[in-house]
Amino acid sequence: MAYYVLNRLLRFSSTGQFIEEIADAEDPFGWDGLYDVVVDPGNNLSIVEWFGHRVTTVDQQGTFLRSIGSSGFQPGQFNFSRGLTYDAAGRLVVADFSNKRIQVFEDATLVQALGTAMDGPFGTPYAVAADASGGVYVTDWGMSRIHMLVDPDLVPAPEVVRKPRLS
Amino acid sequence: MAAPLDVAVRANGNYLVVAGADTSSFVRELTPEGEIVREWVPAAPGEN
């Protein structure tokens with residue numbers, strides 16, 4: 146569980162029993178706006194930080210593995226990163242909120258960016274979730290809309306957009 | 732739709748959306764085609 150207000154990353158059992166707290170091993174000031182955490186295909190934890198503008202991956206013991214992103218609008222940078230998921234192909238999909246785009250990483254390398262601040266189609270992408278068929282849903286806070294991505298060339302329509310294939 | 736905040740995909744392929752605003756909030760389950768399957772809304776004050 147990522148706890149945004151207190152910047153604490155806490156591990157609980159499936160029955161809700163508190164197990165431990167995972168600290169930020171890279172930054173002596175700790176996490177910076179924890180917003181989401183997911184388990185990657187290798188059973189590591191990937192954590193997104195709203196104010197830190199990065200995604201950090203640690204192993205199950207909390208040992209730092211890697212961090213991607215920094216503050217900015219260039220490819221691979223984030224401007225208030227908010228939600229993340231791994232798609233069916235094992236790629237990391239990040240909602241880059243204020244850059245109004247979705248960025249896709251494979252082995253910590255940017256492989257695709259969907260959307261631009263000027264041309265859309267995203268208002269402010271907030272959360273992402275992947276389905277088993279390769280699709281990714283995006284909640285768009287600013288546009289009050291759900292985008293369903295199958296093909297990066299599709300232009301989203303109101304409410305639900307067709308499926309993406311993020312490749 | 733109120734501002735959608737979070738989304739999750741169910742094992743059956745439907746997806747759940749959490750949306751909220753000052754005046755309304757809900758959790759809604761939709762099919763991939765966008766049809767609403769069910770919706771959960773907060774109880775009004777005084778309701779169980």
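Each protein sequence line maps, in turn, to chains A and B.
The end of the first sequence is residue 312 by my numbering, with every number in the run present.
The end of the second sequence is residue 779 by my numbering, with every number in the run present.
Note that the Cβ used here is the ideal one computed from N, Cα and C, for glycine as well.
Return yes when the Cβ of residue j is within less than 8 Å of the Cβ of residue i, no when it is not.
i: Leu-229/A; j: Val-273/A; result: yes
i: Ser-755/B; j: Ala-733/B; result: yes
i: Ala-233/A; j: Ala-275/A; result: yes
i: Tyr-271/A; j: Thr-284/A; result: yes
i: Phe-225/A; j: Trp-195/A; result: yes
i: Arg-227/A; j: Val-193/A; result: yes
i: Leu-179/A; j: Leu-154/A; result: yes
Hey, how far is the Cα of residue i from the Cα of residue j?
i: Asn-189/A; j: Tyr-231/A; result: 12 Å
i: Val-748/B; j: Ile-767/B; result: 10 Å
i: Leu-299/A; j: Pro-763/B; result: Residue placement at Leu-299/A cannot be trusted, given a pLDDT of 40 that sits under 50; what the coordinates show is reported in the next sentence. About 16 Å.
i: Ala-253/A; j: Trp-286/A; result: 26 Å
i: Ala-277/A; j: Arg-236/A; result: 13 Å
i: Asn-743/B; j: Ala-750/B; result: 21 Å
i: Trp-771/B; j: Ile-164/A; result: 31 Å
i: Ala-258/A; j: Thr-160/A; result: 38 Å
i: Ser-243/A; j: Gln-222/A; result: 11 Å
i: Val-249/A; j: Arg-759/B; result: 27 Å
Please look up how many angstroms separate the CB atoms of residue i and residue j, rounded, as I've assumed it's under 8 Å.
i: Pro-735/B; j: Ile-291/A; result: 6 Å
Query raised in the report: Quick one: any contact between the stretch 201 to 219 of chain A and the stretch 179 to 190 of chain A, if contact means 3 or more CB pairs under 8 Å?
Result: yes
Query raised in the report: What runs of the alpha helix (DSSP H), each 4 residues or longer, lie entirely inside the stretch 188 to 267 of chain A?
Result: none
Query raised in the report: Could you give the uninterrupted runs of the beta strand (DSSP E) lying entirely in the stretch 748 to 775 of chain B, keeping only those of 3 residues or more?
Result: 756 to 761 and 767 to 771
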